[in-house]
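**Student:** If you're matching them up, the sequences are chains X and L in order.
Anchor point for the first sequence: position 23 equals 23 in our numbering, and the numbering is continuous, going up by one each time.
Anchor point for the second sequence: position 205 equals 205 in our numbering, and the numbering is continuous, going up by one each time.
All C-beta atoms, glycine included, are put in the ideal place defined by N, C-alpha and C.
Handing you a structure now.
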Amino acid sequence: MNIGKSVVIKGELSGSEDLTIEGQVEGKIELRQNLLTIGPNAKIKAQVFAKTVVVEGQVHGNISAGERIDIRDKGVVEGNLAAPRVAIADGAHFRGSIDMQGGGAKAGDSTAEARPASTPTPISAGPTAVAR
Amino acid sequence: MSPLFHWAAKKGDGAAPERPASLITESLSTSRALPKFIAALSHQSAPVLLDLGPVVGTNVSFFGDRLGCKMLIEDLHEEIEASIRERAPESLAGRLKDRIAGVAASPVDGILCWDLFNYLDRTAARELAASLRAILRPKGVLHGLFGTVAQPGATRTRFIVQSDTAMKCRTEPWVPVTRQAFQTGEITRMFEGLTVVESVLLQSKTRETLLRKP
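Listed below in structure tokens is the structure:
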């Protein structure tokens, strides 16, 4: 499934299938058993939980993955990473901490990262999708 | 203005400097201190490692696989670059102190301090060294690479770990800045209170130093 670049989502985004985001998401993204791809055009301000996370766009917020986090060469991440495996390509921008000790934190465990480099702005609960 | 920044200031309006590809070089270097650094950390459970340079994915993977550690990336090159662009060299020591203060809440077991001090004036270098001493846990180790030749330049070096004993040195274009030289005695004084475990002059005229907090 794809979320196009004209789509803005504020709130909580969860699902049980692989997802590619090209738009903007603010809040929380939860795909515990699936692959989340943050495309080159995507701008994410959210806590992210997924099985595998591939970052090609921009993420401000903590990312937690059960298996792997992969930041590609144009990817930008300001936040803390938690996953058993983390790959960061040459050219990627990263600021924060990388925790490879115990794997990704479970969704809802907001204390898994000791030192948030960037805290997403609190938002109201409930999804709001705005097509532009 | 500090002499350190004169060359940079002549470049004009602070806009991004040109980055000729010809400045990119690579070489391989043997390390005697890195295996001791890794050994020191591998004795600790869940060590925390602080990297003070720009993130290098290969290093993250290497230390993650070898040590299962938590890595903190605090790219102090960002602050050096910003102080040059803003022509505010006097602000650099404070900027660095603030960045280190951000991680000081929890002490660290290891510090990677590569290609950093040579871009600092003496005041900033001393203050940064004091901050690093403070956040290092007892028995913690600091692996430093210090250039021993002062020279102007518009490059920086990324060190990419290849194995326990080998590092690739990649020189790449950067902001124009004069590199300061640091000799053994000065390094020892800056990090007074830490024990020198290893100090080796590499062929690249870089001094590799491993320091341990008692």
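So which residues of chain X does Ile80 (chain L) contact, with C-beta pairs closer than 9 angstroms?
**Tutor:** By one-based count along the second sequence, residue 80 (chain L) stands at place 80. None at all; the shortest Cβ gap to chain X is about 15 angstroms.
**Student:** Going by alpha carbons, who is nearest to Ser31 (chain L) out of L:Ala130, L:Val200, L:Arg95, L:Arg212?
**Tutor:** The sequence position of residue 31 (chain L) within the second sequence is 31, counting from 1. Ranking L:Ala130, L:Val200, L:Arg95, L:Arg212 by Cα distance to Ser31 (chain L) puts L:Val200 first.
**Student:** Do Pro152 (chain L) and Asp121 (chain L) have their CB atoms nearer than 9 angstroms?
**Tutor:** Locating residue 152 (chain L) in the second sequence gives position 152, where the first residue counts as 1. Locating residue 121 (chain L) in the second sequence gives position 121, where the first residue counts as 1. No; because the gap between Cβ atoms is not below 9 angstroms, this pair is not in contact.
**Student:** Should Ala83 (chain X) be listed as close to the ligand ATP, given that the test is whether its C-beta is under 8 angstroms from any heavy atom?
**Tutor:** Looking for the ligand ATP in the displayed structure turns up nothing, as the structure carries no ligands at all.
**Student:** Taking buried to mean at least 16 other C-beta atoms within 10 Å of its own C-beta, is Ile100 (chain L) buried or exposed?
**Tutor:** What you label residue 100 (chain L) is simply residue 100 of the second sequence in a count that begins at 1. Buried, because 16 or more other Cβ atoms sit within 10 Å of the Cβ of Ile100 (chain L).
**Student:** Please tell me whether Leu72 (chain L) has its Cβ less than 9 angstroms away from any Cβ of chain X.
**Tutor:** As a first step, residue 72 (chain L) must be located in the second sequence, where it is residue number 72. Interface residue, yes.
**Student:** List, in chain order, every chain X residue whose beta-carbon is nearer than 8 angstroms to that of Cys69 (chain L).
**Tutor:** Looking up residue 69 (chain L) in the second sequence gives position 69. Going along chain X in sequence order, the residues near Cys69 (chain L) (Cβ under 8 angstroms) are Met100, Gln101.
**Student:** Go through the region 65-106 of chain L residue by residue and report every complete run of the beta strand (DSSP E) that reaches 3 residues or more, in order.
**Tutor:** As far as the region 65-106 of chain L is concerned, its whole beta strand (DSSP E) runs of at least 3 residues are 70-73.
**Student:** If contacts are defined as beta-carbon pairs under 8 angstroms, then Ala65 (chain X) and Ala83 (chain X) qualify, I think. What distance do you get, rounded to the angstrom?
**Tutor:** The residue labelled residue 65 (chain X) in the question sits at position 65 within the first sequence. The residue labelled residue 83 (chain X) in the question sits at position 83 within the first sequence. At roughly 4 angstroms, the Cβ-Cβ gap stays under 8 angstroms, so Ala65 (chain X) and Ala83 (chain X) are in contact.
**Student:** Measure the C-alpha to C-alpha separation of Gly15 (chain X) and Ile9 (chain X) and round it to an integer number of angstroms.
**Tutor:** For this step, residue 15 (chain X) is matched to residue 15 along the first sequence. For this step, residue 9 (chain X) is matched to residue 9 along the first sequence. Their backbone Cα atoms lie some 14 angstroms apart in a straight line.
**Student:** Mind pulling the chain L residues with CB within less than 7 angstroms of Gly96 (chain X)?
**Tutor:** Sequence index remark: in the first sequence, residue 96 (chain X) carries index 96 (1-based). What Gly96 (chain X) touches in chain L: Ile73.
**Student:** Starting from Asp90 (chain X), find everything on chain L with Cβ-Cβ shorter than 7 angstroms and list it in chain order.
**Tutor:** The residue labelled residue 90 (chain X) in the question sits at position 90 within the first sequence. Going along chain L in sequence order, the residues near Asp90 (chain X) (Cβ under 7 angstroms) are Gly57.
**Student:** Any beta carbon of chain X sitting closer than 9 angstroms to that of Val141 (chain L)?
**Tutor:** As a working note, residue 141 (chain L) is residue 141 in the second sequence. No, its Cβ sits nowhere closer than 9 angstroms to a Cβ of chain X.
**Student:** On a CA-only basis, which of X:Ile38, X:Gly39, X:Lys28, X:Phe94 is nearest Val60 (chain L)? Give me that one, please.
**Tutor:** By one-based count along the second sequence, residue 60 (chain L) stands at place 60. Looking at the Cα atoms, X:Phe94 is the closest of the given residues.
**Student:** Closer than 7 angstroms by beta-carbon distance: list the chain X residues that pair up with Val60 (chain L), in chain order.
**Tutor:** What you label residue 60 (chain L) is simply residue 60 of the second sequence in a count that begins at 1. Going along chain X in sequence order, the residues near Val60 (chain L) (Cβ under 7 angstroms) are Val86, Ile88, Ile98.
**Student:** Nearest-angstrom Cα distance between Gly39 (chain X) and Glu12 (chain X)?
**Tutor:** Locating residue 39 (chain X) in the first sequence gives position 39, where the first residue counts as 1. Locating residue 12 (chain X) in the first sequence gives position 12, where the first residue counts as 1. Roughly 18 angstroms between the two C-alpha positions.
**Student:** Measure the beta-carbon distance from Gly140 (chain L) to Lys205 (chain L) and round it to whole angstroms, keeping in mind my assumption that it falls under 8 angstroms.
**Tutor:** Residue mapping note: residue 140 (chain L) aligns to position 140 of the second sequence, counting from 1. Residue mapping note: residue 205 (chain L) aligns to position 205 of the second sequence, counting from 1. Rounded, the Cβ-Cβ distance is 28 angstroms, inconsistent with contact.
**Student:** Against chain X, does Ala181 (chain L) count as a neighbour if the rule is that its beta carbon must be under 9 angstroms from one of theirs?
**Tutor:** The residue given as residue 181 (chain L) occupies position 181 in the second sequence. Ala181 (chain L) does not count as touching chain X.
**Student:** Comparing alpha-carbon positions, which option in L:Thr25, L:Ala46, L:Ala33 lies nearest Trp114 (chain L)?
**Tutor:** Numbered from its first residue, the second sequence carries residue 114 (chain L) at position 114. Nearest C-alpha to Trp114 (chain L): L:Ala33.
**Student:** Can you find a C-beta in chain X that's less than 9 angstroms from the C-beta of Gly64 (chain L)?
**Tutor:** For the purposes of this step, residue 64 (chain L) is taken as residue 64 along the second sequence, with counting starting at 1. So, interface residue.
**Student:** Report the neighbours of Ala46 (chain L) on chain X: residues whose CB is nearer than 7 angstroms to its CB, in chain order.
**Tutor:** The count along the second sequence starts at 1 and reaches residue 46 (chain L) at position 46. Result: Gln101.
**Student:** CA-CA distance, Val59 (chain X) and Ala154 (chain L)?
**Tutor:** Position 59 of the first sequence, counting from 1, holds the residue named residue 59 (chain X). Position 154 of the second sequence, counting from 1, holds the residue named residue 154 (chain L). Between Val59 (chain X) and Ala154 (chain L), the C-alpha separation is close to 30 angstroms.
**Student:** Tell me the rounded alpha-carbon separation between Glu22 (chain X) and Thr178 (chain L).
**Tutor:** The sequence position of residue 22 (chain X) within the first sequence is 22, counting from 1. The sequence position of residue 178 (chain L) within the second sequence is 178, counting from 1. Going by the C-alpha atoms only, they are around 42 angstroms apart.
**Student:** Got a sec, what are the start and stop residues for the beta strand (DSSP E) Glu192 (chain L) sits in?
**Tutor:** Position 192 of the second sequence, counting from 1, holds the residue named residue 192 (chain L). Neither: Glu192 (chain L) is in no beta strand (DSSP E) and is coded neither H nor E.
**Student:** Specify the secondary structure class of Leu41 (chain L) as computed by DSSP and reduced to three states.
**Tutor:** On the second sequence, position 41 is the one that residue 41 (chain L) refers to. DSSP places Leu41 (chain L) in helix when its eight states are reduced to three.
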